[in-house]
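Below is one structure, written out as structure tokens, with a few remarks after it.
Number of protein chains: 2
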Amino acid sequence: MRAALDAAAQAGLAGEVPVGAVVVQGGRIIATGANAPRRLHDPTAHAEIQAIRAASQVLGRDRLEDCDLWVTLEPCAMCAGAIAHARIARLYYAATDPKGGAVEHGPRFFGQPTCHHRPEIYAGMGEGEAASLLRDFFAARR
Amino acid sequence: MRAALDAAAQAGLAGEVPVGAVVVQGGRIIATGANAPRRLHDPTAHAEIQAIRAASQVLGRDRLEDCDLWVTLEPCAMCAGAIAHARIARLYYAATDPKGGAVEHGPRFFGQPTCHHRPEIYAGMGEGEAASLLRDFFAARR
Numbered sequence: 001m002r003a004a005l006d007a008a009a010q011a012g013l014a015g016e017v018p019v020g021a022v023v024v025q026g027g028r029i030i031a032t033g034a035n036a037p038r039r040l041h042d043p044t045a046h047a048e049i050q051a052i053r054a055a056s057q058v059l060g061r062d063r064l065e066d067c068d069l070w071v072t073l074e075p076c077a078m079c080a081g082a083i084a085h086a087r088i089a090r091l092y093y094a095a096t097d098p099k100g101g102a103v104e105h106g107p108r109f110f111g112q113p114t115c116h117h118r119p120e121i122y123a124g125m126g127e128g129e130a131a132s133l134l135r136d137f138f139a140a141r142r
Numbered sequence: 001m002r003a004a005l006d007a008a009a010q011a012g013l014a015g016e017v018p019v020g021a022v023v024v025q026g027g028r029i030i031a032t033g034a035n036a037p038r039r040l041h042d043p044t045a046h047a048e049i050q051a052i053r054a055a056s057q058v059l060g061r062d063r064l065e066d067c068d069l070w071v072t073l074e075p076c077a078m079c080a081g082a083i084a085h086a087r088i089a090r091l092y093y094a095a096t097d098p099k100g101g102a103v104e105h106g107p108r109f110f111g112q113p114t115c116h117h118r119p120e121i122y123a124g125m126g127e128g129e130a131a132s133l134l135r136d137f138f139a140a141r142r
């Protein structure tokens, strides 16, 4: 989660909502993603999508069933869907997101009967730092 | 929808589940997407994501509020989320997808109170051709 938090901080410095993610395989980080929709002109460029796409390129396949995803914020519906398509084994996230989150809020995607893959889910590690990155970012913009 | 169906047929010929999409701005197709997760080693490479990413690159921005998306199959949660993030104005889809669809099935994403953007939604145009492309594809694989 340390590396995901560092990626989040970098996103914030670049003027993007500070969210970061890493994909881990066998205890090793194989891909990092930082939220970058504005900078990349890509509405899909959330941290999770960036990390999953990069990891898939590294491994040369579209399924990451032997990989875990660590992300600093509860994934939205888009990212939860991508996590299921990628067959991520374990999902770790720091802060919850009552507004846009789709794991324990809103559509609760992984609990839907139509969800075809549900990772193991662990929440809360690094929550304080992840939430304060977001709080400070939005406070500075007001 | 004709162009989206053609992109779907091309995806099928390439061995991918046959789904195609186009982004239209002012009556003109500005981007086309064909489903390609296997070929591109990218679990996020659904037709809608491909078309939205390409359109965002064409326009140099991450919001497509003056654009419509035409796709041959009801979007999944990942793609529905991307459509909301991109602020697509109108969504047109052909066949419904009771298994993976997230518009009128499963999470019914655009009906969630936490959904921050809901496009106008029109379904059914080209449904017969879109569904038969999918049916023939899966029949040939059995």
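Chains as they are written, first to last, in the UniProt record's numbering: chain A, 1 to 142; chain B, 1 to 142.
Cβ coordinates follow ideal geometry from the N, Cα and C atoms, glycine included.
Whether residue i touches residue j by CB criterion (8 angstroms)
| i | j | result |
| --- | --- | --- |
| Ala4(B) | Val22(B) | yes |
| Thr32(B) | Ala11(B) | no |
| Gln25(B) | Cys67(B) | yes |
| Ala102(A) | Ala77(A) | yes |
| Pro107(B) | Gln112(A) | yes |
| Glu104(B) | Ala82(B) | no |
| Arg38(A) | Asp62(B) | yes |
| Ala131(B) | Ala95(B) | yes |
| Ile30(B) | Val58(B) | yes |
Residue i, DSSP secondary structure in three states
| i | result |
| --- | --- |
| Arg90(B) | strand |
| Gly111(B) | helix |
| Asp6(B) | helix |
| Cys79(B) | helix |
| residue 150(B) | No answer is possible for residue 150(B): the residues shown for chain B start at 1 and end at 142. |
| residue 149(B) | It is not possible to answer for residue 149(B), since the shown part of chain B is limited to 1 through 142. |
| Glu120(A) | strand |
| Leu73(A) | strand |
| Val17(B) | coil |
| Val58(A) | helix |
| Arg39(B) | helix |
Where residue i falls, given that 16 or more other Cβ within 10 Å makes a residue buried
| i | result |
| --- | --- |
| Glu65(B) | exposed |
| His116(B) | exposed |
| Leu73(B) | buried |
| Leu69(B) | buried |
| Leu133(A) | buried |
| Tyr122(B) | exposed |
The ligand SAM heavy atom lying under 7 angstroms from the CB of residue i
| i | result |
| --- | --- |
| Leu64(A) | This structure simply doesn't include the ligand SAM, nor any ligand for that matter. |
Exercise for review: Taking a Cβ distance cut-off of 8 angstroms, strictly less, list which residues of the region 26 to 43 of chain A are near chain B, in chain order.
Suggested key: If the cut-off is 8 angstroms between Cβ atoms, the region 26 to 43 of chain A has Pro37, Arg38, Leu40, His41, Asp42, Pro43 near chain B.
Check your understanding: Taking three-plus beta-carbon pairs below 8 angstroms as touching, is the region 52 to 65 of chain A in contact with the region 40 to 60 of chain B?
Key -> yes
Check your understanding: the region 70 to 99 of chain B: which residues have C-beta closer than 7 angstroms to a C-beta of chain A, in chain order?
Key -> Cys76, Ala77, Met78, Ala80, Gly81, Ala82, His85, Ala86, Lys99
**Study point:** Residues in the region 108 to 124 of chain A having any Cβ partner in chain B nearer than 8 angstroms
**Key:** Arg108, Phe109, Gln112, Pro113, Thr114, Cys115, His116
Exercise for review: Give the residues from the region 57 to 71 of chain B that approach chain A closer than 8 angstroms (Cβ to any Cβ), ordered along the chain.
Suggested key: Gln57, Leu59, Gly60, Arg61, Asp62, Arg63, Leu64
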